[in-house]
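Each residue of the sequence shown is one higher than the one before, counting from 923 in our numbering. Think of the CB as a built atom: it goes at the ideal place given N, C-alpha and C, for glycine as much as any other residue. Owing to the predicted nature of the structure, the values given are computational and were not obtained by experimental measurement. Structure, as structure tokens:
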Amino acid sequence: MHTRMKLAMALLLTLALPLQAHEGHDDEPAPASGTESSSPRFSGHSANFELTGIVGEHQITLYVDHYADNSPVEDATLVLNLNGQAMAVERHAPGEFEVDLAAPLAEGEHQIAARIRSGELDETLSTHLDLHGEDEHAGHDHAESGNGLRIAGLLALLLLVLAGVYLLRKKNQASTRA
923 MHTRMKLAMA LLLTLALPLQ AHEGHDDEPA PASGTESSSP RFSGHSANFE LTGIVGEHQI
983 TLYVDHYADN SPVEDATLVL NLNGQAMAVE RHAPGEFEVD LAAPLAEGEH QIAARIRSGE
1043 LDETLSTHLD LHGEDEHAGH DHAESGNGLR IAGLLALLLL VLAGVYLLRK KNQASTRA
């Protein structure tokens, strides 16, 4: 009879293992990414051009593409105004530019105007960037919510074991009376 109880407990413990971690919540640190997808971004477009900006701590990287096919504008020149102030723009590659910032951008809304010239095309794109503080849950550790799940799983396991022991004892008592 003890063998059956041991097997039942082993089975229940095996079934509880998936409670340790589930998809998307393995409590391990996220793998390092080659790009920072959390960087603030802005974009604007016209019938001919698309502008995308990625804001870093001390620079803004700008990409100028053809709106129709998303290919870089090879011969583009770019003039950027940030909150009405002209910014020095440096070209790195076809369709890729960078603006150096003296200091990180402050929180709040920033107005952006970009004049793009390519061949006979000359257009100004206007957009804005809304910077706000870090999300209060950005650094939240999911281990706290995982602990609650573990406790619930262990309590359920304990209840199943106790129910199994109770049923085995009841069965033993019935078989000894007969």
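- Taking G975 as the centre and dropping the five residues before and after it, the same chain places the C-beta of F964, I982 and L984 closer than 6 Å to its C-beta, in chain order.
- The beta carbon of D1044 lies closer than 8 Å to those of R1037 and I1038 in the same chain, with the five residues before and after it left out.
- The Cβ-Cβ distance between L1004 and H1032 falls below 8 Å.
- It is roughly 5 Å from the alpha-carbon of S1040 to the alpha-carbon of A998.
- Counted as a single uninterrupted DSSP element, the stretch harbouring Y989 is not any beta strand (DSSP E), since DSSP gives it neither H nor E.
- Secondary structure at S1097: helix, using DSSP grouped into helix, strand and coil.
- The C-beta distance from E1029 to L1053 rounds to 5 Å, short enough to fall under 8 Å.
- In summary, E1042 is exposed, with fewer than 16 beta-carbon neighbours lying within 10 Å of its beta-carbon over all protein chains present.
- Taking the CA atoms as reference points, Y989 sits about 13 Å from E996.
- Beta-bridge analysis with DSSP links R963 to I976.
- Contact between G966 and L1047 holds: CB atoms are separated by about 4 Å, below the 8 Å threshold.
- Exposed is the label assigned to I1073, since fewer than 16 other Cβ atoms lie within 10 Å of its Cβ.
- With distances taken between CA atoms, K928 lies nearest to G1086 out of V977, L1076, G1086 and P962.
- With respect to D987, E972 sits close: the two C-beta atoms are nearer than 8 Å.
- Excluding five sequence positions before and after S961, the CB atoms of its chain that fall closer than 8 Å to its own CB belong to I976, V977 and G978, given in chain order.
- Close CB contacts of A1010 within its chain, under the 8 Å cut and outside five residues either way in sequence, are with V1021 and D1022 (chain order).
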